[in-house]
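Throughout, the numbering used here is defined as the position within the sequence shown, counted from one, plus 45. These notes are about the structure you will find just below.
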Amino acid sequence: MSFIRSFSDSKIERLESAHNAHTFALLKADVLKGEVFPAVRNERIDFYYLGGCLYSYAGTFFRDPEWEKFSDNTDGLSPYDKAKKQVENKYAEVNGGSAERKKLNALYRQSFASDRSSQVVVLDIEIGLGKVKKKNQKCDLLLLNNQTSEIIFVEGKVYKDPRVRSAVGQKIEVIDQVNDYTEAIVTQSDTILQQYCEYVNIVNKLFGTSYAPPQKLITPAKLLVYDTGVGREVNIRYTVETTNNALGANSVMWVAHGEEPSLEQIWKALI
Numbered sequence: 046m047s048f049i050r051s052f053s054d055s056k057i058e059r060l061e062s063a064h065n066a067h068t069f070a071l072l073k074a075d076v077l078k079g080e081v082f083p084a085v086r087n088e089r090i091d092f093y094y095l096g097g098c099l100y101s102y103a104g105t106f107f108r109d110p111e112w113e114k115f116s117d118n119t120d121g122l123s124p125y126d127k128a129k130k131q132v133e134n135k136y137a138e139v140n141g142g143s144a145e146r147k148k149l150n151a152l153y154r155q156s157f158a159s160d161r162s163s164q165v166v167v168l169d170i171e172i173g174l175g176k177v178k179k180k181n182q183k184c185d186l187l188l189l190n191n192q193t194s195e196i197i198f199v200e201g202k203v204y205k206d207p208r209v210r211s212a213v214g215q216k217i218e219v220i221d222q223v224n225d226y227t228e229a230i231v232t233q234s235d236t237i238l239q240q241y242c243e244y245v246n247i248v249n250k251l252f253g254t255s256y257a258p259p260q261k262l263i264t265p266a267k268l269l270v271y272d273t274g275v276g277r278e279v280n281i282r283y284t285v286e287t288t289n290n291a292l293g294a295n296s297v298m299w300v301a302h303g304e305e306p307s308l309e310q311i312w313k314a315l316i
């Protein structure tokens, strides 16, 4: 089995040990504020902040040493605050910040924050789906409808991404990307559904949520495009119509510049 979402009880117990408890308390507080997003892997949890992996835990906490390259203005900060500042620094240096990361991060906040009212939540992010056409596939979001117990995979993009927009007659790369996700999902759909039932149990236990175990995986994979129309040097009508025809109009949501739909609005548009 290649798609696994697990986390043993022994590792959960170690989170409360003297060695790990302080860091986990800080992370959990930020999870419940909607600032940090926990993603369960195979006997590991990755904690994301602003789209970057802040910490990983697999019995002990660890970070990628590459983060040290982004340590400007971190003198005097606690190790935890330094880690967050390093993530902020990295993405501030990428073209003034990544629009896609900011848009998707706003959705993550709706999943764990104490004032959450939506029945639709982001359950997982940065989801490795295995290889299709000899290329590893990684989808941005898995949404769970806590009322209907259904899940869908969603790829998020901004319109100015060259993989989304195209001049008339030219290939639109994101179409193949989403179709590859669908292929990867369909070929292991039973396993994915089973593993996310386990995932929900783990998340509920760790963070006090009451998510419903998913009962149905909806396919195909979906596409969410923000800031539609930004970058008008290419034909918007051709891009939208070609993508809708290829993926299905109910599998693509085009979001106008300045709009930030809720998770429930996204769900309704894509089902």
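For each residue, glycine too, the CB sits at the ideal point set by N, CA and C. A quick note: this is a predicted structure, and the numbers were derived from the prediction, not measured.
Report task. Drop a sphere of 10 angstroms on the beta-carbon of Thr227, count the other beta-carbons inside from all chains shown, and report buried for 16 or more, exposed for fewer. Result -> The residue is buried, with at least 16 neighbouring Cβ atoms inside 10 Å.
Q) Using the C-alpha atoms, what's the distance from Glu133 back to Asn118? A) 11 Å
Alpha-carbon to alpha-carbon, Gln240 and Pro258: 10 Å
- Query: Mapping DSSP to helix, strand and coil, what is Phe115?
  - Reply: helix
*asked:* Could you check whether Lys183 and Ile172 sit closer than 8 Å to each other, using their CB atoms as the reference points?
replied: yes
DSSP three-state assignment for Ala137, whether helix, strand or coil: helix
Which residue comes first and which comes last in the beta strand (DSSP E) that contains Asp342? What the structure shows of the chain is the stretch from 46 to 316, and residue 342 is not part of that stretch, so it cannot be assessed.
Burial state of Val231 (16 or more Cβ within 10 Å):
exposed
Rounded separation between Ile247 and Leu72 - CA only: Distance between the alpha carbons of Ile247 and Leu72: 16 Å.
query: Using the beta-carbon count (16 or more within 10 Å), is Glu200 buried or exposed?
result: Around the Cβ of Glu200, a 10 Å sphere holds 16 or more other Cβ atoms; the residue is buried.
Original post:
Where does Tyr244 sit, in a helix, a strand or coil, going by DSSP?
Top reply: helix
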